[in-house]
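**Q** Residue numbering for the sequence shown is 0 to 274, as defined by numbering that gives the first Met the number 0.
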Amino acid sequence: MAASAVLRELVQRAHVGEAPAPADPDLADAVRAALQSAADHQAGLAADSDGATLLSAATAIDVVEDESAAPDADSPATLTFAIERATAHLSGLLSSIEPAAVAVEPAPLTPDAILAQQIAEGRADSERLRAYAGVTAGHANGRLPARVLAELSWARGHRLRPDAAAQLERLNTAFRARFGHDLHITDSYRSFDGQVRARALRGRLAATPGTSNHGWGVAVDLGSGVNRFGTATHRWMRENAPSFGWHLPGWARENGSKPEPWHWEFEGAPESFAD
Numbered sequence: 000m001a002a003s004a005v006l007r008e009l010v011q012r013a014h015v016g017e018a019p020a021p022a023d024p025d026l027a028d029a030v031r032a033a034l035q036s037a038a039d040h041q042a043g044l045a046a047d048s049d050g051a052t053l054l055s056a057a058t059a060i061d062v063v064e065d066e067s068a069a070p071d072a073d074s075p076a077t078l079t080f081a082i083e084r085a086t087a088h089l090s091g092l093l094s095s096i097e098p099a100a101v102a103v104e105p106a107p108l109t110p111d112a113i114l115a116q117q118i119a120e121g122r123a124d125s126e127r128l129r130a131y132a133g134v135t136a137g138h139a140n141g142r143l144p145a146r147v148l149a150e151l152s153w154a155r156g157h158r159l160r161p162d163a164a165a166q167l168e169r170l171n172t173a174f175r176a177r178f179g180h181d182l183h184i185t186d187s188y189r190s191f192d193g194q195v196r197a198r199a200l201r202g203r204l205a206a207t208p209g210t211s212n213h214g215w216g217v218a219v220d221l222g223s224g225v226n227r228f229g230t231a232t233h234r235w236m237r238e239n240a241p242s243f244g245w246h247l248p249g250w251a252r253e254n255g256s257k258p259e260p261w262h263w264e265f266e267g268a269p270e271s272f273a274d
């Protein structure tokens, strides 16, 4: 008999009263309680491929039936012994089977939780990142070798000083969790020649070659709506970017001397802005 069939048999007997009832009401209740114990634990029993363990429970019930039907079945000693044997078999069955493991997947983190997680990681990493603040020493603005810059993982070809890049990576992770897409980078590290071209194209909107923070690898120009004052993405950046060391300079703000909502600069390790 399959394990599942034995279980159904136990439950059936418990519910329809198929097992003979002894004359003593108390003993009859004890028999039914033993049967009901098997039914109550049916959902928690693990599958037994050969049915041996579960069949032992069926055997225990058969013992109760056989001994109840014996000539001296109404003897309290006989019935008590039968019930004790059945109870022992059932107890052994229930204790020998381990509950099935239930896999519980954690709920996905909310955008606010991801933001808090990224801020915490950035602060924990601040001591390591401080070492990168001096990697540009000995080099001229706009003439940094590739080895002192780090490429952004989601914006190929865009590079920054390693500490600035690491914190922008974390900021972007939080931004993506909130808005469903990455920050759009339109400009990052800019070589001296690139700054000359930008000055020729944009006039006063571009810094004099050799003076721009783009030339030090600590400035980015952003799209994604961040390049317009008053948008949800711009407001979010104003509120949260400082926790990662990134800021909209005073001169670039809406009432600044040269409003540029797209221009953001890295000003230091996030621990400087801890609560």
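Just so you know, even glycine gets a beta-carbon here, dropped at the ideal spot from N, CA and C.
None of the values given here were measured: they were computed from a predicted structure.
1. Under the rule that 16 or more other beta-carbon atoms within 10 Å means buried, what is Ser242, buried or exposed?
2. For the stretch 252 to 266 and the stretch 208 to 223, state whether three or more C-beta atom pairs, one from each stretch, are separated by less than 8 Å.
3. With a floor of 4 residues, list each alpha helix (DSSP H) that falls wholly inside the stretch 76 to 131, ordered by position along the chain.
4. Can you pull the DSSP bridge partners for Arg158?
5. Please report the distance separating the alpha-carbon of Asp111 from that of Leu182.
6. Are the beta-carbon atoms of Asp192 and Asp220 separated by less than 8 Å?
7. Taking 7 Å as the cut-off, is the beta-carbon of Trp263 closer than that to any non-hydrogen atom of the ligand NAD?
8. Using 8 Å for Cβ pairs, my map puts Pro208 next to Gly141. What's the rounded Cβ distance?
9. Give the range of the alpha helix (DSSP H) segment to which His233 is assigned.
10. Which stretch, first to last residue, makes up the beta strand (DSSP E) that contains Ala218?
11. Label Glu238 either buried or exposed according to how many other C-beta atoms from any shown protein chain fall within 10 Å of its C-beta, with 16 as the threshold for buried.
12. Output needed for Glu276: all residues of its chain with C-beta closer than 7 Å, excluding positions within five of it in sequence on either side, in chain order.
13. Assuming contact is defined by CB atoms lying nearer than 8 Å, are Trp245 and Leu167 in contact in what I supplied?
14. With DSSP run on the structure shown, which of helix, strand or coil describes His213?
15. DSSP on Trp250, reduced to helix/strand/coil?
16. Tell me the DSSP bridge mates of Glu264?
17. When DSSP builds the beta bridges, which residues end up paired with Asp186?
18. Under the three-state reduction of DSSP, which class applies to Gly193: helix, strand or coil?
19. Report, in whole angstroms, the separation of the C-beta atoms of Arg158 and Gly224, which I expect to be a contact under 8 Å.
20. Using the C-alpha atoms, what's the distance from Ala165 back to Tyr131?
21. Could you tell me the alpha carbon to alpha carbon distance between Asn227 and Val101, rounded to whole angstroms?
**A** So, from the data block:
1. Here residue 242 is taken as the residue at index 243 of the sequence shown, counted from 1. Buried: at least 16 other Cβ atoms inside 10 Å.
2. yes
3. 110 to 123 and 125 to 129
4. Taking the sequence shown and counting its residues from 1, one reaches residue 158 at position 159. Bridge partners of Arg158: Glu150.
5. Translated into the one-based positions of the sequence shown, residue 111 becomes position 112. Translated into the one-based positions of the sequence shown, residue 182 becomes position 183. Going from the Cα of Asp111 to the Cα of Leu182 covers about 17 Å.
6. Start at 1 with the first residue of the sequence shown, and residue 192 comes out as number 193. Start at 1 with the first residue of the sequence shown, and residue 220 comes out as number 221. No, the pair does not count as a contact, with Cβ atoms beyond the cut-off.
7. Ligands displayed in this structure: none; no statement on the ligand NAD is therefore possible.
8. Numbered from 1 along the sequence shown, position 209 holds the residue referred to as residue 208. Numbered from 1 along the sequence shown, position 142 holds the residue referred to as residue 141. So it is a contact: roughly 7 Å between Cβ atoms.
9. Counting from one through the sequence shown, the residue named residue 233 turns up at place 234. Here the alpha helix (DSSP H) through His233 covers Ala231 to Asn239.
10. Translated into positions along the sequence shown, residue 218 becomes position 219. Segment Ala218 to Leu221, the beta strand (DSSP E) holding Ala218.
11. Locating residue 238 in the sequence shown gives position 239, counting from the first residue. Exposed, by the Cβ-count rule.
12. This structure gives no information on residue 276, because the portion of the chain shown stretches from 0 to 274.
13. Translated into positions along the sequence shown, residue 245 becomes position 246. Translated into positions along the sequence shown, residue 167 becomes position 168. Yes, they are a contact pair.
14. By one-based count along the sequence shown, residue 213 stands at place 214. Three-state result, His213: helix.
15. Numbered from its first residue, the sequence shown carries residue 250 at position 251. DSSP places Trp250 in helix when its eight states are reduced to three.
16. The residue labelled residue 264 in the question sits at position 265 within the sequence shown. Its beta-bridge partners are Ala218 and His246.
17. Locating residue 186 in the sequence shown gives position 187, where the first residue counts as 1. For Asp186, which the question treats as bridged, DSSP gives the partners Asp220.
18. On the sequence shown, position 194 is the one that residue 193 refers to. DSSP places Gly193 in helix when its eight states are reduced to three.
19. For the purposes of this step, residue 158 is taken as the residue at position 159 of the sequence shown. For the purposes of this step, residue 224 is taken as the residue at position 225 of the sequence shown. Not confirmed; about 24 Å, so no contact.
20. Along the sequence shown, one-based indexing puts residue 131 at 132. Along the sequence shown, one-based indexing puts residue 165 at 166. So the two alpha carbons sit approximately 11 Å from each other.
21. Here the question's residue 227 lines up with position 228 in the sequence shown. Here the question's residue 101 lines up with position 102 in the sequence shown. For the record, residue 227 in the displayed sequence is Arg; it is not Asn. Each residue's Cα considered, the two are about 49 Å apart.
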